[in-house]
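Beneath this line is the structure, given in C-alpha cells, with notes to follow.
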Amino acid sequence: MAPVGAPNASELNVEPGTLPERMTAWVIREERFGEPIDAFQLEEIEVPDPGALEVVVRVMAAGVNYNNVWAALGKPVSVFRYHPEEDHHIGGSDASGVVWKVGPGVTRWKPGDEVVIHCNQASYEDPEVHGLDPMAAPSQKIWGYETSWGSFAEFTKVQAQQLIPKPRNLTWEEAASYGLVYFTAYRMLIDQCDLQAGHRVLIWGAAGGLGVFATQLCAAAGAECLGVVSGEAKGELVVKLGAKGYIDRNEFAGMMRKGGETPEEEKERFGVSRQFGKAVREILGDAPDIVFEHVGKATFPTSVFVVKPFGKVVICAGTTGFDLDFDVRYLWMRQKQIIGSHFANAYECYKANELIEQGSIRPVLWRTMGFDGVGEAHQLMRDNKHLGKIAILVGAEREGLGKTADGPGAIMAEVGA
Ligand SMILES: NC(=O)c1ccc[n+]([C@@H]2O[C@H](COP(=O)([O-])OP(=O)(O)OC[C@H]3O[C@@H](n4cnc5c(N)ncnc54)[C@H](OP(=O)(O)O)[C@@H]3O)[C@@H](O)[C@H]2O)c1
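In my numbering, the protein residues as written are 1 to 417.
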C-alpha cells in the first residue's frame, strides 16, 4: 500500500494565517529513552504560536536524520539538557511545507509560501550572527534536535531565517529529504576544505546521508572521489553518483579501532590500515587530499594516516565513538590538518540549495514512509539498513505531490534493508 500522511492531515479545516489549537506529533519523552521504535510515540499536543521573527509552517513532509536516533536513545546526552523548558521532544530537523502563520517582525515570508527549512537557529541578538558566523553564536542550536517543535508533527515552529524557497522541481517528500546532510557536506567540502577540480577525496559511509551528497559535490566540482561502503549494492550507488570507485570496508575490517588494543593488536590493526591506504591510492591514483569523516573512533586513525601530506581530514561526527586516538606523528611530520565542522550557515544553505534547483545535485531518496513510520524509519537508520535518505509524509496525502515545475527529481536508491 502507498504511504499516506498524518491521519487528520486531509481534515485540516483552517486556512493559512489561522492555526488549529491541537495537532498530532511524534514525541520522545525522557522516561521512554531507548530503541527508536519504542521511544517515539504519537501524541496530541498544542500548536505553538509564532513569536517575534518566528514562523509556524505546516509540515508537508519531513526528513529522517541520525540526530533523532541519538535523541531517542538519550545518548550521548539527553536532548532535554538542550531544551529544559519543554518536557516533550518533537524531533525532526528537515521539512518541506507551507508557511501558515508569521510572527511579529517577519516581512520576507507570508502565509501560503512553499518552503524548505534549514535546521540552524541562533539568537538575532548574538553579535557572532552579524559578523562572524551564526554557527559560532553562543545561542546556536539545531532545530528539531537541540530544540523541540521539529518536523515530525503537523506544524513546526522555526525562525524566519531558517526558511528557503522550495525547489519547484521537487515533490514534497524529495524536498524534505536532503537539507541537514547536504548542507553539512557542502560546508565541509566547499568552505572548510576549499574543494577544487582535481582534488582527490576519500568519503567514509559514501552511500549514507552525508556520503551521497559529498560524492555528488565532488563530481560537480571536478574532484575525484572514492567511497567506502559496506556491500556491493551501496558501492554501485556511489559509482552511479559520480565516485571513481569504491572499497568495501568489510575487506579491511581489521583496520577499525575498537579502543583498548594491546601494542601487538595495534600493530596488526595498523598493518591493515596500510593495506587500505594502498588500495585507496590504487583507485585514486594518489593519496587523498581530503578525507571526509563522520564515523569517528573506528576510522579516525586510518583517516589521519592515509590523507596526503598537507591534506585535510574534515570531521562532523563520531558515530562509532567520539574519544578519538591516533598516531600524532603522521599529523605533524606530514603537516596534515584536522578540521571540525558542524552543519552550515543560512548563506551556505541558500547557495547549496541553488545547486538542487539547477539539478546539479539531486536528492537521493531510498524510501518514503507514511506518518505512522517515524519510529520504524529511525530504527532502520539505527540498524544501518538504509541508503541515502528516508522521507516521511506528513501533510502531503500521498507521494508525488508538490512538484510545480519540470526538472530532475530525486535519484531513487533501490537496494538495502
Ligand atoms: N555535525 C553535523 O552537522 C552533522 C550533520 C549530519 C550528520 N551528522 C552525524 O554524522 C553521522 C552520519 O550521518 P548520516 O546521516 O550520514 O548517517 P547514515 O545515513 O547512517 O550514514 C552513515 C554511514 O556511515 C557508515 N558507517 C556506519 N558505521 C560504520 C563503521 N563502523 N565504519 C565505517 N563506516 C560506518 C555506513 O556506511 P557503510 O555501512 O556503507 O560503510 C553508513 O551508511 C551521524 O552520527 C550523524 O548524527 C552530523
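By construction, the Cβ of each residue, glycine as well, lies at the ideal position given by its N, Cα and C atoms.
Backbone secondary structure at Thr24 - three-state DSSP:
strand
Please go through the same chain and pick out, in chain order, the residues whose beta-carbon is closer than 8 Å to the beta-carbon of Gly285, but skip the five residues on each side of it.
Arg200 and Glu224
Restricting to Cα atoms, I'd like to know which of Gly222, Ala72 and Ala136 is closest to Met381.
Ala72
Quick check: the Cα distance between Tyr182 and Glu264, rounded to an integer number of angstroms?
40 Å
Option nearest Trp70 by Cα separation, candidates Ala317, Arg58, Gly370 and Thr404:
Ala317
Give the straight-line distance between the Cα atoms of Leu427 and Tyr246, rounded to the nearest whole angstrom.
The first residue shown for the chain is 1 and the last is 417, placing residue 427 beyond what the model contains.
If you measure from the CB of Val420, is any heavy atom of ligand 1 nearer than 7 Å?
Given a span of 1 to 417 for the chain in the structure shown, any question on residue 420 remains unanswerable.
Give the single residue among Arg398, Gln379 and Asp406 whose Cα lies nearest to the Cα of Asn65.
Gln379
If you pair each beta-carbon of the stretch 338–353 with each one of the stretch 187–198, do three or more pairs fall below 8 Å?
yes
Could you pull the DSSP bridge partners for Asp248 from this structure?
Val229
Between the CA atoms of Asp325 and Val428 - distance to the nearest angstrom
Outside the displayed range of the chain (1 to 417) lies residue 428, so it cannot be described from this structure.
Answer yes or no: the CB of Cys218 versus the heavy atoms of ligand 1, is any distance below 7 Å?
no
Helix, strand or coil: which one does DSSP assign to Lys332?
Note that residue 332 is Trp in the sequence shown, not Lys. Trp332 falls in the helix class under three-state DSSP.
Please determine, among Asp49, Arg29, Pro48 and Glu35, the residue with the shortest C-alpha to C-alpha distance to Leu42.
Arg29
Once you ignore the five residues that flank Ser10 on each side, which residues in its own chain have a CB closer than 7 Å to its CB?
Here the model assigns Ser10 a pLDDT of 47, short of 50, so the residue's position is not dependable, and the following value carries that caveat. Around Ser10: Glu397.
Please work out which residues of its chain come closer than 6 Å, Cβ to Cβ, to Glu146, disregarding the five sequence neighbours upstream and downstream, and give them in chain order.
Tyr82
Would you say Pro3 and Gly373 are within 8 Å of each other, going by their C-beta atoms?
yes
With Met381 as the anchor, note down where its beta strand (DSSP E) starts and where it stops.
Taken as a continuous stretch (DSSP letters only), Met381 belongs to no beta strand (DSSP E), being part of the alpha helix (DSSP H) at Val374 to Arg382.
The alpha helix (DSSP H) that contains Trp70, what's its start and end?
Asn67 to Leu73
Which residues bound the alpha helix (DSSP H) around Val212?
Gly209 to Ala221
Mind checking whether the beta-carbon of Ala207 lies closer than 7 Å to any heavy atom of ligand 1?
yes
Assuming Ala185 and Leu210 form a contact by the criterion Cβ under 8 Å, report the distance between their Cβ atoms to the nearest whole angstrom.
5 Å
Less than 7 Å between the CB of Met23 and some heavy atom of ligand 1, yes or no?
no
Contact test: Gly395 Cβ vs ligand 1 heavy atom, cutoff 7 Å:
no
Within 10 Å of its beta-carbon, does Ser93 have 16 or more other beta-carbons around it, so buried, or fewer, so exposed?
buried
Contacts around Met23, its chain only, beta-carbon distance under 7 Å, and the 5 residues preceding and following it disregarded:
Ile45, Val47, Ala153, Glu154 and Phe155
Distance check for Asn169 and Thr404, CA to CA, integer angstroms please.
6 Å
Beta-carbon proximity list for Val115, same chain, < 8 Å, skipping 5 on both sides:
Val57, Ser96, Gly97, Val98, Val99, Trp109, Leu163, Ile164, Pro165 and Lys166
For His83, is the beta carbon positioned less than 7 Å from some heavy atom of ligand 1?
no
Using 8 Å for Cβ pairs, my map puts Val238 next to Ala279. What's the rounded Cβ distance?
Incorrect: roughly 15 Å between the Cβ atoms, too far for contact.
Runs of alpha helix (DSSP H) wholly within the stretch 94–182 (minimum 4 residues, chain order)
127–131 and 172–176
Taking C-beta to C-beta, are Gly370 and Gly5 nearer than 8 Å?
yes
Could you spell out the range, first to last residue, of the beta strand (DSSP E) harbouring Val55?
Glu54 to Gly63
Starting from the C-beta of Lys234, find all residues in its chain whose C-beta is less than 7 Å away, skip the five residues before and the five after it, and write them out in chain order.
Ala207 and Leu387
Leaving out five residues on either side along the sequence, give the residues of the same chain with a beta carbon under 8 Å from the beta carbon of Gln37.
Checking the sequence, you will find Ile at residue 37 rather than Gln. So the qualifying residues of the chain are Gly375, Glu376, His378 and Gln379.
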